[in-house]
Amino acid sequence: MRHLLGTKGLTRDEAILILDTAEEMAATQQREVRKLPTLRGKTVVNLFFEDSTRTRISFEAAAKRLSADVINFSAKGSSVSKGESLKDTAQTLQAIGADGVVIRHPASGAPERLATSGWIDAGVLNAGDGTHEHPTQALLDAFTMRRRLFGEASRGRDLDGVSVVIVGDIAHSRVARSNLWLLDTLGAKVSFVAPETLIPFGSRGWPVTIHHSLDEALRAERPDVVMMLRIQSERMHAAFFPNEREYARNWGLDDPRVAGLSDRAIIMHPGPMNRGLEISSGAADSPRSTVLEQVANGVSVRMAALYLLLSGERGVSE
Ligand code: CP
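Letter by letter, the sequence shown follows residues 47 to 364 in the numbering used here.
This is the structure in structure tokens:
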């Protein structure tokens with residue numbers, strides 16, 4: 047594996063290799079000395095053209111726990127604000143000697159451009175590009191589902207038969223897309239729930255059932271996993287969004303809806319959350335919620351991805 051650009055091209059075996067490697071990484075994090083020497087002498091650059099808390103910190107922690115040198119680059123305060131292009135920025139990283147580049151960019155396809163342009167030799171990891179993909183988020187979500195639903199029996203297995211309902215601003219969500227491709231590959235049944243205006247154009251033909259009523263979806267799909275998505279106001283045209291009260295009433299995961307879920311169902315959210323809009327505090331903080339586990343698992347999953355891409359010890363294709 048040279049790059050991790052999306053989940054759409056991952057095979058079942060590749061996905062399970064990453065998830066099982068993440069289990070190995072998680073086990074090392076229980077030890078007194080958590081640092082592994084695996085990437086000693088390698089340099090990982092975090093290249094963030096959009097804001098991030100979880101993904102950036104998690105990649106930084108993951109690279110450091112593998113003993114890599116880490117350079118954090120934020121477009122704000124850099125020469126990008128003076129008009130420097132992605133190509134010139136990339137070539138600067140090449141000159142510094144980056145072995146891995148973790149990139150978040152508002153333009154869909156920017157990580158692929160970086161990986162295929164020939165500007166750099168480094169492995170490229172997509173940390174979220176436009177509305178396209180966020181592969182490590184989907185992998186950490188699948189890792190969390192496996193652990194919560196199957197416990198000790200999760201190693202080596204897929205998510206065959208698991209019912210996952212993804213709710214909210216699907217149209218702008220790279221998390222929803224990466225989850226759909228990965229979950230379908232792993233055998234889960236995926237449903238999207240959103241008002242008509244927040245379902246992506248072109249989603250006909252995707253391996254997903256679409257609902258417009260959350261209550262109907264919860265009754266029909268009997269979900270093992272309810273994944274709530276953030277309303278992305280910064281990408282939203284006002285015409286696409288019902289008012290907040292109407293949205294919370296019809297598509298928010300509130301306490302009565304949580305009470306109606308099956309005993310084994312879990313509640314996920316990639317963060318950051320709009321409490322009181324797409325999710326109530328009762329739901330976000332309930333024992334069913336995996337929100338903080340997702341963050342913790344993200345470090346193990348990103349350690350696995352960096353290890354598989356940069357150590358040269360094992361590999362899966364792109
Ligand atoms: N889930 C996620 O991508 O969060 P950040 O934007 O904080 O990285």
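Built from N, CA and C at the ideal position, the CB exists for glycine as well. Just so we're clear, the structure is a prediction, and the values are computed from it rather than from any experiment.
| Does DSSP put Ala329 in a helix, a strand or coil? | Within the sequence shown, numbered from 1, the residue matching residue 329 stands at position 283. Correct three-state label for Ala329: helix.
| request: Taking Met273 as part of the beta strand (DSSP E), name the residues at either end of that continuous run. | output: Here residue 273 refers to the residue found at position 227 when the sequence shown is read from its first residue. Note, Met273: beta strand (DSSP E), 271–274.
| CB-CB under 7 angstroms to Gly358, same chain, minus the five flanking residues each way: which ones, in chain order? | In the sequence shown, residue 358 corresponds to position 312, counting from 1. Counting only Cβ-Cβ distances below 7 angstroms, and skipping sequence neighbours, we find nothing.
| said: Quick check on His257: buried or exposed, where buried means 16 or more other Cβ atoms within 10 Å of its Cβ? | reply: For the purposes of this step, residue 257 is taken as residue 211 along the sequence shown, with counting starting at 1. Label assigned to His257: buried.
| message | Going by C-alpha to C-alpha distance, which of Val126, Leu50, Ile313, Met71 sits closest to Ala173? | response | Counting from 1 along the sequence shown, the entry for residue 173 is found at position 127. With distances taken between Cα atoms, Ala173 lies closest to Leu50.
| message | Any heavy atom of the ligand CP closer than 7 angstroms to the beta-carbon of Gln278? | response | The residue labelled residue 278 in the question sits at position 232 within the sequence shown. The answer is no for Gln278.
| said: For Tyr396 and Leu244, I'd like the C-alpha separation in whole angstroms. | reply: A question about residue 396 goes unanswered here, because the residues of the chain that appear run from 47 up to 364.
| request: Would you mind working out which of Met191, Leu355, Gly322, Ala153 sits nearest Asp175, comparing C-alpha positions? | output: For this step, residue 175 is matched to residue 129 along the sequence shown. The option with the nearest alpha carbon to Asp175 is Ala153.
| Residues in its own chain within less than 6 angstroms of Leu56 by CB, not counting five upstream and five downstream? | Counting from 1 along the sequence shown, the entry for residue 56 is found at position 10. Correct list: empty, nothing qualifies.
| Would a C-beta distance cut-off of 8 angstroms place Ile313 and Arg295 closer than the cut-off? | Walking along the sequence shown from the start, residue 313 turns up at place 267. Walking along the sequence shown from the start, residue 295 turns up at place 249. For Ile313 and Arg295, no; Cβs fall outside 8 angstroms.
| said: Between the alpha carbons of Ala311 and Arg194, how many angstroms are there, rounded? | reply: Locating residue 311 in the sequence shown gives position 265, counting from the first residue. Locating residue 194 in the sequence shown gives position 148, counting from the first residue. About 9 angstroms.
| task | Examine the ligand CP and report whether any of its heavy atoms sits within less than 7 angstroms of the Cβ of His218. | result | Working through the sequence shown from its first residue, we reach residue 218 at position 172. False, no ligand heavy atom lies under 7 angstroms from that Cβ.
| request: Give me whichever residues DSSP pairs with Leu299 in a beta bridge. | output: As a working note, residue 299 is residue 253 in the sequence shown. In DSSP, Leu299 forms a bridge with Ile325.
| request: With a floor of 3 residues, list each beta strand (DSSP E) that falls wholly inside the region 163–205, ordered by position along the chain. | output: List check, beta strand (DSSP E) in window: 169–175.
| Got a sec, what are the start and stop residues for the beta strand (DSSP E) Asp391 sits in? | Residue coverage of the chain in this structure runs from 47 to 364, which leaves residue 391 outside it and unanswerable.
| task | Could you give the DSSP three-state label for Arg150: helix, strand or coil? | result | Translated into positions along the sequence shown, residue 150 becomes position 104. When secondary structure is reduced to three states using DSSP, Arg150 falls in the strand class.
| query | In this structure, what does DSSP give as the bridge partners for Lys235? | reply | Numbered from 1 along the sequence shown, position 189 holds the residue referred to as residue 235. Under the DSSP definition of a beta bridge, Lys235 partners with Ser209.
| Under the DSSP definition of a beta bridge, which residues are partnered with Ile313? | Along the sequence shown, read from residue 1 onward, the residue named residue 313 stands at position 267. As a beta-bridge residue in DSSP terms, Ile313 pairs with Val272, Ser335.
| query | Using a Cβ-Cβ cut-off of 8 angstroms (strictly less than) and excluding sequence neighbours within five positions of Ile142, which residues of its own chain qualify? | reply | By 1-based counting over the sequence shown, the position of residue 142 is 96. Here the set comprises Thr89, Val91, Ile117.
| Distance, Val211 Cα to Gly248 Cα | The residue given as residue 248 occupies position 202 in the sequence shown. The residue given as residue 211 occupies position 165 in the sequence shown. Distance between the alpha carbons of Gly248 and Val211 is about 19 angstroms.
| query | Is Gln340 buried or exposed, if buried means 16 or more other CB atoms sit within 10 Å of its CB? | reply | Counting from one through the sequence shown, the residue named residue 340 turns up at place 294. So Gln340 ends up on the buried side.
| task | Give me the Cα-Cα distance between Glu364 and Pro157, rounded to the nearest whole angstrom. | result | For this step, residue 364 is matched to residue 318 along the sequence shown. For this step, residue 157 is matched to residue 111 along the sequence shown. Residue placement at Glu364 is poorly supported in this model, since its pLDDT is 41, which falls under 50; the coordinates still yield a value, given next. Spanning the alpha carbons of Glu364 and Pro157 requires a straight line of approximately 13 angstroms.
| Would Ile81 be called buried (16 or more neighbouring beta carbons within 10 Å of its own) or exposed? | What you label residue 81 is simply residue 35 of the sequence shown in a count that begins at 1. Before going on, a small fix: residue 81 reads as Lys here, not Ile. It counts as exposed.
| task | Assign Thr67 to one of three DSSP states: helix, strand, or coil. | result | Here the question's residue 67 lines up with position 21 in the sequence shown. Helix at Thr67.
| field | Whether Arg291 touches Pro318 by CB criterion (8 angstroms) | value | For the purposes of this step, residue 291 is identified with residue 245 of the sequence shown, where counting begins at 1. For the purposes of this step, residue 318 is identified with residue 272 of the sequence shown, where counting begins at 1. No, the Cβ-Cβ distance between Arg291 and Pro318 is not below 8 angstroms.
| field | Any heavy atom of the ligand CP within less than 7 angstroms of residue CB: hits in chain order | value | Proximity annotation: the ligand CP has residues Asp97, Ser98, Thr99, Arg100, Thr101, Arg102, Gly174, His180, Gln183, Val221, Pro316, Gly317, Pro318 in chain order, each selected because its CB is closer than 7 angstroms to a heavy atom of the ligand.
| request: Please confirm if the region 158–165 is in contact with the region 99–117, defined as three or more CB-CB distances below 8 angstroms between the two stretches. | output: No, they do not touch.
| said: Spatial neighbours of Val221 within its chain, please: C-beta separation below 6 angstroms, excluding the five flanking residues on both sides. | reply: Here residue 221 is taken as the residue at index 175 of the sequence shown, counted from 1. The residues are His180, Gln183, Pro316.
| Which class does Val375 belong to by DSSP, given the choice of helix, strand or coil? | Outside the displayed span of the chain (47 to 364) sits residue 375, for which this structure offers no information.
| field | Cβ pair count under 8 angstroms reaching 3, the region 228–242 against the region 300–310 | value | The region 228–242 vs the region 300–310: no contact.
| task | Using the Cα positions of Leu186 and Asn289, report the straight-line distance between them to the nearest angstrom. | result | Numbered from its first residue, the sequence shown carries residue 186 at position 140. Numbered from its first residue, the sequence shown carries residue 289 at position 243. About 32 angstroms.
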